[in-house]
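Asks:
Number of protein chains: 2
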Amino acid sequence: MTPNFANTPEPPYFVVVFTSQRKGADQDYEATAAAMATLAAAQPGYIGVESAHDANGFGITAVYFTDEESILAWRNNARHKDAQRLGRERWYEHYEVRVARVERAYSGPL
Amino acid sequence: MTPNFANTPEPPYFVVVFTSQRKGADQDYEATAAAMATLAAAQPGYIGVESAHDANGFGITAVYFTDEESILAWRNNARHKDAQRLGRERWYEHYEVRVARVERAYSGPL
């Protein structure tokens, strides 16, 4: 298994699916995204993350948490809120956030 | 909003998060993936799809459905099962499938 995959437990757990289209190149984005990834990983209830972005700035990030309360706490983290504001103002043309409860999971090839 | 985004309704609805690492180039993959996207869109309960893949063959696809029964029916679709077998045998180094109930959703920038 490559390091790109999150090591998730048996369901149930939660996922935040963040789908986004970036406006274009912005040097600050990479540094902030890396800082947020590190900060997220230190939050209570954090399980792991998976992220894929194409060459046109469209991407999907799935962040896994043990419970919804941890997701709300992360959403309201002060440094994260600063990054969210930059995202709204500068980086993203559009984004969708979906918070979901993982009911079943399997992997392969088996 | 770009056509890369799925036009999802108010929650609750369901999402299949398919995270995958492909082995390498395979011409049959693209044709089958396109055929499966078309076939999926014709299934009862299908809402939409979002998909992002990086240049190294790592990708995340989120397929949205109205209900779990529709997801099971799609999983058991005969042509889809053929494609799943090809995926296991030829295309994927690893994949994770997570079926989740979307509880909350929001979009931006607002």
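Chains as they are written, first to last, in numbering that gives the first Met the number 0: chain A, 0 to 109; chain B, 0 to 109.
All residues carry an ideal CB built from backbone N, CA and C; glycine is no exception.
Could you spell out where the beta strand (DSSP E) holding A/Glu102 opens and where it closes?
Replies: As a working mapping, residue 102 of chain A is identified with position 103 in the first sequence. Run containing A/Glu102: 91-107, per the beta strand (DSSP E) assignment.
Asks: Any beta-carbon of chain B closer than 8 Å to the one on A/Phe57?
Replies: Residue numbering aside, residue 57 of chain A sits at position 58 when the first sequence is read from its first letter. Yes - at least one Cβ of chain B is within 8 Å of the one on A/Phe57.
Asks: What residues in its chain sit with their C-beta under 7 Å from that of B/Phe4, if we drop five residues either side in the sequence?
Replies: Here the question's residue 4 of chain B lines up with position 5 in the second sequence. If we look at B/Phe4 and ignore the five residues flanking it on each side, its Cβ neighbours are Glu49.
Asks: For chain B, check one thing: does any of its Cβ atoms lie closer than 8 Å to the Cβ of A/Ser69?
Replies: The residue given as residue 69 of chain A occupies position 70 in the first sequence. So, not an interface residue.
Asks: Since I believe B/Ile46 is in contact with B/Pro8 (beta carbons under 8 Å), could you give me their beta-carbon distance rounded to a whole number of angstroms?
Replies: For the purposes of this step, residue 8 of chain B is identified with residue 9 of the second sequence, where counting begins at 1. For the purposes of this step, residue 46 of chain B is identified with residue 47 of the second sequence, where counting begins at 1. 7 Å between Cβ atoms; contact.
Asks: Note down the Cα distance separating A/His52 from B/Thr65, rounded to an integer number of angstroms.
Replies: By one-based count along the first sequence, residue 52 of chain A stands at place 53. By one-based count along the second sequence, residue 65 of chain B stands at place 66. Their backbone Cα atoms lie some 26 Å apart in a straight line.
Asks: Please report the straight-line C-alpha distance between B/Gly44 and A/Gln26, rounded to a whole angstrom.
Replies: The sequence position of residue 44 of chain B within the second sequence is 45, counting from 1. The sequence position of residue 26 of chain A within the first sequence is 27, counting from 1. So the two alpha carbons sit approximately 41 Å from each other.
Asks: Straight-line CA distance for B/Ile59 to B/Thr18?
Replies: Working through the second sequence from its first residue, we reach residue 59 of chain B at position 60. Working through the second sequence from its first residue, we reach residue 18 of chain B at position 19. Taking the straight line from one Cα to the other gives about 4 Å.
Asks: May I ask you to report which of helix, strand or coil DSSP gives A/Gly23?
Replies: For the purposes of this step, residue 23 of chain A is taken as residue 24 along the first sequence, with counting starting at 1. A/Gly23: coil per DSSP, three-state reduction.
Asks: Pairing CB atoms from the stretch 96-106 of chain B with CB atoms from the stretch 97-104 of chain A, are three or more of them under 8 Å?
Replies: Yes, they touch.
Asks: I want to know whether the stretch 79-88 of chain A touches the stretch 66-79 of chain B - three or more CB-CB distances under 8 Å.
Replies: No: fewer than three Cβ pairs fall under 8 Å.
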